[in-house]
Amino acid sequence: MAVDDCGRQINPLLVQGQVHGGIAQGIGQAMVEGVEYSEDGQLLTATLMDYAMPLASELPVFELDHTITLTPVNPLGVKGVGEAGTIGSTPAVAAAVADALNVAHVDMPFKAEKLWKIIHQQ
Amino acid sequence: MSVPAAFDYHSAKSVDEAIALLQQYGDDAKVLAGGHSLIPSMKLRLAQPAHLVDLGKISGLSYIREESGAVAVGAMTTYTTIEHSDVLRRYFALLPEGVAMIGDQQVRNRGTIGGSIAHSDPAADLPGIVQALRADILVQGPNGVRTVKADDFFMGMFETALQPDEIVTEIRFAIPAARTGSAYMKLANKASHYAVTGCAAVVTLDGDGTCSSASVVITGASEKATRANAVEAALVGKKLDEATVAAATAHAADGLALLGDIHGSREYRAQMSAVMARRAILKAAERA
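So the protein lines, in turn, are chains A and B.
Per the numbering used here, the very first residue in the first sequence carries number 2; after that it's consecutive.
Per the numbering used here, the very first residue in the second sequence carries number 2; after that it's consecutive.
Structure follows, in structure tokens:
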């Protein structure tokens with residue numbers, strides 16, 4: 002569930018698409034995306050065979066809602082919505098992981114092996 | 002680097018012509034099947050063949066036929082064709098199940114069974130699956146056709162029993178005994194979907210549910226798909242309940258020269274190999 006406020010929505014379908022994409026981007030950052038280097042500085046995630054991205058098939062159906070608060074600083078009352086979904090989705094996943102593992106903090110991304118190690122250290 | 006080095010392209014019209022080209026160009030040539038492993042490695046210039054011999058125009062290498070106690074699959078049969086084959090689904094559940102986990106739909110539409118096993122990528126799914134099914138691999142060279150057992154085919158990382166002038170033409174799977182079940186489970190690399198580790202399992206039960214034979218192969222965890230002999234021995238003669246299978250698979254990765262990289266440390270691969278083996282064997286037993 003994601004609720005956003007981008008002011009006046011001129012094209013609501015486009016707003017939904019931007020929020021969908023932003024949520025996916027934020028979940029990707031939290032779960033799988035990470036640039037990694039070897040000790041001697043070689044980039045190890047140089048292609049999409051090694052750098053993971055979130056896929057639509059791995060994500061849930063999003064339920065969207067919005068409030069509309071017009072901004073007074075431009076005549077249309079519009080605010081940006083590009084990538085707005087990332088603002089909430091990344092910390093939502095991080096909070097869920099911390100809650101599930103009962104720890105205060107885990108560095109992103111939350112790859113399976115990292116969580117496995119935390120679980121087995123406890 | 003995103004562009005391959007220069008190479009000459011040869012489109013063979015027959016297996017004999019392809020073999021003649023391989024004889025002519027020797028180590029400078031590579032065989033092109035679906036191209037979904039070779040072309041990416043050429044783009045990274047990990048492979049720089051001077052000559053590419055394309056099998057794509059050869060007719061008659063793509064088929065799935067049930068004949069005299071076996072199912073024969075042509076080397077150029079795509080993953081998608083295998084995934085949707087009724088005859089393969091009926092006898093060898095893990096084969097359609099395993100290929101459905103490869104890459105994405107575009108890859109599965111192009112990638113071939115013969116190409117995958119000839120490439121022998123340690124993280125590929127099919128080397129483990131064909132070994133678990135104890136397939137016969139038909140290999141054609143200048144002196145005709147020979148049969149290589151799947152257990153003898155995979156020699157190491159990107160290394161097989163193929164000679165430089167030989168081509169895989171067919172993979173044959175013996176139709177299993179009654180009450181045989183199979184399954185493939187893998188922990189996939191989230192980027193490439195190759196196996197961080199995977200397990201292909203085939204088990205046969207007798208009348209009272211006792212395991213009479215077991216074939217278990219671990220892929221992805223080490224430099225080649227490897228039979229887990231100790232796991233198999235711990236299953237035969239037993240009822241395959243959860244406790245028995247968990248005990249048998251607890252050390253599934255013992256003896257493997259485990260790989261460790263950004264997608265999984267050695268320690269993680271060892272533990273996940275045990276988990277995949279347990280799940281695959283229990284699923285296979287459920288299907289038997």
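Even for Gly, the Cβ is constructed at its ideal location relative to N, Cα and C.
The model shown is predicted, which means the values in this text are computed figures rather than measured ones.
Using a C-beta cutoff of 7 angstroms, does residue i count as contacting chain A?
i      : result
B/A251 : no
B/G116 : no
B/A192 : yes
Mind checking if residue i is an interface residue toward chain B, Cβ cutoff 7 angstroms exclusive?
i      : result
A/E37  : yes
A/A105 : no
A/A95  : no
A/V98  : no
A/E114 : yes
A/V33  : yes
Using only CA atoms, which one of the options lies nearest to residue i?
i      : options                           : result
A/S58  : A/G29, A/A95, A/C7 and A/D5       : A/G29
B/D137 : B/A175, B/L127, B/S266 and B/A162 : B/A175
B/A202 : B/P41, B/L95 and B/G57            : B/L95
A/Q19  : A/V82, A/I120 and A/I69           : A/V82
B/H52  : B/A19, B/L260 and B/A229          : B/A19
B/M277 : B/L236, B/E233 and B/L188         : B/L188
B/G182 : B/A133, B/E224, B/E160 and B/L39  : B/A133
B/S56  : B/S3, B/K14 and B/S121            : It is Leu, not Ser, that sits at residue 56 of chain B in the sequence shown. Answer by Cα proximity: B/K14.
B/T211 : B/R280, B/I83, B/A286 and B/M102  : B/A286
B/K240 : B/A215, B/V88 and B/T78           : B/A215
B/D152 : B/A271, B/A226, B/G99 and B/R173  : B/A226
B/I40  : B/T220, B/S266, B/Y10 and B/G27   : B/Y10
B/C200 : B/T82, B/G221 and B/G261          : B/G221
B/G238 : B/P128, B/D209, B/A253 and B/A229 : B/D209
B/E233 : B/S266, B/L283 and B/D29          : B/L283
B/E67  : B/V204, B/T205, B/V246 and B/I172 : B/I172
B/G27  : B/G36, B/A7, B/P50 and B/D17      : B/P50
B/A231 : B/E243, B/T78, B/V217 and B/N190  : B/V217
B/V88  : B/P177, B/H37 and B/M77           : B/P177
B/L139 : B/A235, B/V16 and B/T245          : B/V16
B/I263 : A/A3, A/E40 and A/G23             : A/E40
B/E84  : B/T78, B/M77, B/V100 and B/G75    : B/V100
B/V149 : B/S69, B/M158, B/D29 and B/I118   : B/I118
B/H161 : B/M186, B/V131 and B/S121         : At residue 161 of chain B the sequence reads Thr, which differs from the His that was named. Closest option to B/T161, Cα to Cα, is B/S121.
B/V32  : B/V72, B/M77, B/A71 and B/A73     : B/M77
B/Y80  : B/N190, B/F8 and B/I130           : B/I130
According to DSSP, which residues form a beta bridge with residue i?
i      : result
B/Q141 : B/V146 and B/I168
B/I65  : B/V74
A/Y38  : A/L44
B/E160 : B/G157
B/K187 : B/G199
B/G182 : B/V204
B/V217 : B/A202
A/V4   : A/D66
B/T113 : B/T79
B/Y10  : B/L53
B/S223 : B/L259
B/V32  : B/V54
A/G86  : In DSSP, A/G86 forms no bridge with anything.
A/G78  : Partner(s): none; A/G78 has no beta bridge.
B/F174 : B/V72
A/G29  : Per DSSP, none; premise fails for A/G29.
How about residue i: is its Cβ closer than 6 angstroms to a heavy atom in the ligand NAP?
i     : result
B/E18 : In the structure on display, the ligand NAP does not appear, and there are no ligands present to speak of.
Just checking: is the beta-carbon of residue i within a distance shorter than 7 angstroms of some beta-carbon in chain E?
i     : result
B/T79 : Within the model displayed, chain E is absent; protein chains A and B are what it includes.
**Q.** Stretch pair the segment 142 to 149 of chain B + the segment 109 to 116 of chain B: three plus CB contacts closer than 8 angstroms
**A.** no
Q. Can you list, in chain order, the residues of the segment 37 to 52 of chain A whose Cβ is nearer than 8 angstroms to any Cβ on chain B?
A. E37, L45, T46, T48, L49, M50, D51 and Y52
Q: Taking only beta carbons into account, state which residues of the segment 251 to 277 of chain B come closer than 7 angstroms to chain A, listed in chain order.
A: I263, G265, S266 and Y269
Q: Count the CB pairs spanning the segment 18 to 29 of chain B and the segment 152 to 169 of chain B that are closer than 8 angstroms, and state whether there are at least three.
A: yes
Q) Touching or not, the segment 48 to 64 of chain A and the segment 184 to 201 of chain B, by the rule of three or more beta carbon pairs under 8 angstroms? A) yes
(Q) With a threshold of 8 angstroms, are at least 3 pairs of Cβ atoms found where one atom belongs to the segment 48 to 64 of chain B and the other to the segment 85 to 101 of chain B? (A) no
Q. Three or more C-beta pairs closer than 8 angstroms, one from the segment 252 to 260 of chain B and one from the segment 91 to 108 of chain A: is that the case here?
A. no
Q.
Between the segment 6 to 24 of chain A and the segment 69 to 89 of chain A, can you find at least three pairs of beta-carbon atoms closer than 8 angstroms?
A. yes
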